Amino acid sequence: MSLDHALETFLNESRELLVDMERILLELEANPDEAELRNALFRCVHTVKGSAGMFGLDHVVSFTHVVENVLDRLRAKEIQFNSNLAHLLLRSRDHIAALVEILNIDEAADLEAEGNELLAELKPFQADKVTEKNETASESTGIAGQWHLSIRIQKDALRHGMDPLGFIRFLETLGELLSITTVSDALPPLDSIDPESCFLGFEIELRTKADRVAIEDVFEFAGDLYDIRMIPPNSGLDEYIELLESLPEGAERLGEILVASGALSRNDLDTCLQVQETAAWTEQGKPLGEIMVEQGVIDREKVGAALAKQEQVRRNGKKRVHHLRIQADKLDKLINFVGELVIASATVALNASRSGDAETQESAANLTLLVEEIRDSALDLRMVPIGDTFQRFQRVLRDISSELGKDIQLVITGADTELDKTVVEKIGDPLTHLVRNACDHGIESPEIRRGKGKPAKGSVHLNAFHESGAIVIEVSDDGGGLDRDRILDKAMSLGLVKEDTTLSDQEIHNLIFEPGFSTVDQVTNLSGRGVGMDVVRRNIESLRGVVEVLSPGTKGGTTFRIRLPLTLAIIDGFLARVGESTYVVPLEMVAECTELDADQSKINEHQHYINLRDEVLPLIWLKAHFCQTGEAGRRQNIIVVNHGGQKAGLVVDDLLGEHQTVIKPLSSIFTHLKGVSGSTILGNGQVALILDVPALMQQTVQREDAANRVTQSFGATPSH
Amino acid sequence: VDGQAFSASADAGGGQQVGGAMSDAFEFDPDSGILRLQGELTIYQINAVTKAVNALINDESLKAVELSGVSELDCAGLQLLLAIGKSEVHIPILESSPAVKEVLTLTGLQDQMILDAAMKEAP
Chain A
1 MSLDHALETF LNESRELLVD MERILLELEA NPDEAELRNA LFRCVHTVKG
51 SAGMFGLDHV VSFTHVVENV LDRLRAKEIQ FNSNLAHLLL RSRDHIAALV
101 EILNIDEAAD LEAEGNELLA ELKPFQADKV TEKNETASES TGIAGQWHLS
151 IRIQKDALRH GMDPLGFIRF LETLGELLSI TTVSDALPPL DSIDPESCFL
201 GFEIELRTKA DRVAIEDVFE FAGDLYDIRM IPPNSGLDEY IELLESLPEG
251 AERLGEILVA SGALSRNDLD TCLQVQETAA WTEQGKPLGE IMVEQGVIDR
301 EKVGAALAKQ EQVRRNGKKR VHHLRIQADK LDKLINFVGE LVIASATVAL
351 NASRSGDAET QESAANLTLL VEEIRDSALD LRMVPIGDTF QRFQRVLRDI
401 SSELGKDIQL VITGADTELD KTVVEKIGDP LTHLVRNACD HGIESPEIRR
451 GKGKPAKGSV HLNAFHESGA IVIEVSDDGG GLDRDRILDK AMSLGLVKED
501 TTLSDQEIHN LIFEPGFSTV DQVTNLSGRG VGMDVVRRNI ESLRGVVEVL
551 SPGTKGGTTF RIRLPLTLAI IDGFLARVGE STYVVPLEMV AECTELDADQ
601 SKINEHQHYI NLRDEVLPLI WLKAHFCQTG EAGRRQNIIV VNHGGQKAGL
651 VVDDLLGEHQ TVIKPLSSIF THLKGVSGST ILGNGQVALI LDVPALMQQT
701 VQREDAANRV TQSFGATPSH
Chain B
721 VDGQAFSASA DAGGGQQVGG AMSDAFEFDP DSGILRLQGE LTIYQINAVT
771 KAVNALINDE SLKAVELSGV SELDCAGLQL LLAIGKSEVH IPILESSPAV
821 KEVLTLTGLQ DQMILDAAMK EAP
């Protein structure tokens, strides 16, 4: 980690904090009296300001300072929270977000106009200059107390850009620094010093109203590089004894510092040192606290309190989930290697089974099992809950509803549903389109809603859940739903549909995904320009997903249902031989395999369905479809695939079984190839194509429709 | 002229590559034996400055360090000053600058003997 890395960390953390800030602001709008939210809001900005200060990003600091000031007053309930202020703070948040991204001060000039405008608007909410210092210096609750902080710093801290002076300056904003002692005992002589390493420590007496969390927050940014020990106000001597023991300078030396800085009286120190000495020669099994009680230095109550505190700290520690920041490309590299590993292990398994040696086969099977687990864990690393993406829409919805003069709430369910980070990143835009569409076209104006007997407040529902190896994301509104006839009229006028065609409701609804399609007469800022739905569909299809529209949807209005694969890298595949080639069917789509039995085998490629347990199963003859040559197997097989509630049978020559498939994208000249979504390399080095089952099914459906229409028109003629 | 004089003394002190590109961080006057540190005294300059100080101490030409031109001091710079103050040969630190004074006050070092001179002469 160099200074650049520290900056990168700062950027990431600030981005996260600003996302939090937005979320909190929106929550606060719903519950304006929630004190905890106000505090959290303040802390977000406070931390951004603090870390920006550490990097000397003055343009960020000066603006955030004003916002912080306003938030501080908000926290102290000196000013009221209303939607005007919420709007202003949201805009300020956006401005901070823009400022943070600018690390070069010269570029900040571009944003200055907007900044000044916001500052002017914030002015009425700001505290008078006189009270400002005290305002920012205190955490709202509690009275000021004297804390003792012992800071020891890892040698590498300076190289990582974590200069202690920055932190001390920041501590000053929490309260009054009563005394600081710089401990330079560890400093090597001049001729052997590594001048870029840090050898200093600090003993600080801080008078502040801030609580432990607030003080810890100051150093949070430094992570493991700083070793902070804190003694809260009015602590017993035992805390100091512990401190004296734990620091490297030795109890005597440190004791002198504590006395000099006013943390301990001379008497206290003597007691501490005595206790410590006693402890040194008393049998080791006895806890220090007990020794002290025995000696009558402190009473049992105090020890009890200290123990309870330790216990609490331990409990809190357990609750906390530790996170590790990893560069995304490192993860990608790992996944790539895992992909190669999967291929390599498939080769091993193949060779083992060819060798016929039972022991080798067993080892290969073990290996395959482990590789599968590694694959799953590696892919799991990339999984993130979709909730963060959903939360972003709180803000989108808020802005849209004020723009449109509609009252719309966002309901989120299934926020914990996890999916691949790459997918999450790419799904944001299509979702935004859908949400905007729902607000603009779906949900009616309050007057119309009242007229229909619906609540004036419309709602947009975002939902996510897992379903057979895929994630399903739904965007539903409780609006008017799709107008079937209008869509049809429009489609006819655009020449998308011929006058005399008969379409099912579903087909008509799907017309909205055609390029250039919009039924709204008035183009608004948000949508209605007829770009969008086709882009949405294209984006989703590029993620190997599908989108469908249901009207009426799950909430009465329209529901857009997006079905996406969980990951883009590796799938469980099912291998089948067709002619001389091997194809892979995604295993999660395989419902069952069955033999094409004797009387059915009489049927040839012109028969497009069979009777499977009294159900009509459409057939796709892969050999004909892909124009494969080669010997048919003695008995052909059907792979029954299930997709989106529909079934189809793929006719293949041979079933080769399960195979972990690392998806290798096809080169760009094959992008228009329908029915194939990618390729993979088999254990024997052969390339196998991965079938795009939804596309195949769609092609079949279209073909069937065409055939039906022909039959229908033939059938209809005589009756005329 | 100062820069050249310094380069010569640095060579005498073991042929280390000091001065040159880094000469804008410090200036050595061989007549008075005073090393003037100037501009930023931070982790970016600290290696070069430390080398220079050690070289000058080795050939016994360093008499004092002067800080009035220091515009920025970070923890690395502060450590160097503390290390100079602790060195066996007594090297007084003369004059200070507002930036240095601010750091010394912040870190509670303003009363330490070694930097006494620096504080007294501060503006």
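Sequences listed follow chains A and B, in order. Quick note on our numbering: the first sequence kicks off at 1 and runs consecutively. Quick note on our numbering: the second sequence kicks off at 721 and runs consecutively. Note that the Cβ used here is the ideal one computed from N, Cα and C, for glycine as well. Since the structure is predicted, the reported quantities are computational estimates derived from the model, not experimental observations.
Can the beta-carbon of residue i be found less than 7 angstroms from the beta-carbon of residue j?
i: residue 414 of chain A; j: residue 465 of chain A; result: yes
i: residue 410 of chain A; j: residue 431 of chain A; result: no
i: residue 659 of chain A; j: residue 579 of chain A; result: no
i: residue 272 of chain A; j: residue 231 of chain A; result: no
i: residue 795 of chain B; j: residue 163 of chain A; result: yes
i: residue 754 of chain B; j: residue 803 of chain B; result: no
i: residue 98 of chain A; j: residue 111 of chain A; result: yes
i: residue 565 of chain A; j: residue 767 of chain B; result: no
i: residue 229 of chain A; j: residue 206 of chain A; result: no
In whole angstroms, what is the alpha-carbon distance linking residue i and residue j?
i: residue 763 of chain B; j: residue 156 of chain A; result: 12 angstroms
i: residue 702 of chain A; j: residue 577 of chain A; result: 26 angstroms
i: residue 798 of chain B; j: residue 823 of chain B; result: 8 angstroms
i: residue 791 of chain B; j: residue 821 of chain B; result: 11 angstroms
i: residue 837 of chain B; j: residue 817 of chain B; result: For residue 837 of chain B, the predicted structure reports a pLDDT of 49, less than 50, and the residue's modelled location is therefore unreliable. A value from the coordinates is still provided. About 12 angstroms.
i: residue 68 of chain A; j: residue 42 of chain A; result: 6 angstroms
i: residue 745 of chain B; j: residue 772 of chain B; result: 11 angstroms
i: residue 134 of chain A; j: residue 75 of chain A; result: The pLDDT assigned to residue 134 of chain A is 40, lower than 50, so where the model puts this residue is not dependable; a value taken from the coordinates is nonetheless given after this. So the alpha carbons of these two residues sit roughly 14 angstroms apart.
i: residue 8 of chain A; j: residue 326 of chain A; result: 12 angstroms
i: residue 385 of chain A; j: residue 460 of chain A; result: 20 angstroms
i: residue 642 of chain A; j: residue 559 of chain A; result: 22 angstroms
i: residue 458 of chain A; j: residue 329 of chain A; result: 42 angstroms
i: residue 87 of chain A; j: residue 428 of chain A; result: 23 angstroms
i: residue 422 of chain A; j: residue 383 of chain A; result: 9 angstroms
i: residue 262 of chain A; j: residue 269 of chain A; result: 11 angstroms
i: residue 537 of chain A; j: residue 363 of chain A; result: 46 angstroms
i: residue 51 of chain A; j: residue 375 of chain A; result: 38 angstroms
i: residue 782 of chain B; j: residue 811 of chain B; result: 8 angstroms
i: residue 548 of chain A; j: residue 352 of chain A; result: 45 angstroms
i: residue 510 of chain A; j: residue 6 of chain A; result: 49 angstroms
i: residue 32 of chain A; j: residue 73 of chain A; result: 14 angstroms
Look up residue i in the DSSP assignment and say whether it is helix, strand or coil.
i: residue 682 of chain A; result: coil
i: residue 122 of chain A; result: helix
i: residue 345 of chain A; result: helix
i: residue 34 of chain A; result: coil
i: residue 11 of chain A; result: helix
i: residue 721 of chain B; result: Reliability fails at residue 721 of chain B, whose pLDDT of 37 lies under 50, so the model's placement of it is uncertain and the value that follows must be treated cautiously. Correct three-state label for residue 721 of chain B: coil.
i: residue 229 of chain A; result: strand
i: residue 703 of chain A; result: helix
i: residue 55 of chain A; result: coil
i: residue 100 of chain A; result: helix
i: residue 148 of chain A; result: strand
i: residue 325 of chain A; result: coil
i: residue 81 of chain A; result: coil
i: residue 423 of chain A; result: helix
Please tell me whether, using a cut-off of 6 angstroms, the distance from the CB of residue i to the nearest non-hydrogen atom of the ligand NAD is below it.
i: residue 695 of chain A; result: Judged by which ligands are present, the structure shown has none, so any question about the ligand NAD falls away.
Taking C-alpha atoms, which residue in the options lies nearest to residue i?
i: residue 171 of chain A; options: A/218, A/195 and A/151; result: A/218
i: residue 70 of chain A; options: A/51, A/53 and A/45; result: A/45
i: residue 487 of chain A; options: A/504, A/474 and A/476; result: A/504
i: residue 478 of chain A; options: A/107, A/499, A/455 and A/655; result: A/455
i: residue 333 of chain A; options: A/379, A/363 and A/373; result: A/379
i: residue 666 of chain A; options: A/689, A/684 and A/683; result: A/689
i: residue 779 of chain B; options: B/812, B/806 and B/750; result: B/750
i: residue 640 of chain A; options: A/625, A/593 and A/670; result: A/593
i: residue 780 of chain A; options: A/616, A/623, A/647 and A/542; result: The structure shown does not extend to residue 780 of chain A, since chain A spans only 1 to 720, so no value can be given for it.
i: residue 517 of chain A; options: A/111, A/662, A/176 and A/533; result: A/533
i: residue 739 of chain A; options: A/234, A/445 and A/252; result: This structure cannot settle anything about residue 739 of chain A, because the visible part of chain A is limited to 1 through 720.
i: residue 365 of chain A; options: A/377, A/381, A/342 and A/699; result: A/342
i: residue 426 of chain A; options: A/491, A/539, A/586 and A/237; result: A/539
i: residue 392 of chain A; options: A/25, A/662, A/402 and A/6; result: A/25
i: residue 253 of chain A; options: A/203, A/475, A/215 and A/500; result: A/203
Requested in this report: Would you mind listing the alpha helix (DSSP H) stretches within the region 429 to 463 of chain A that are 4+ residues and don't spill past its ends, in chain order?
Outcome: 446 to 451
Query raised in the report: Can you give, in chain order, each stretch of the alpha helix (DSSP H) that sits fully within the region 607 to 658 of chain A and has at least 4 residues?
Result: 622 to 625
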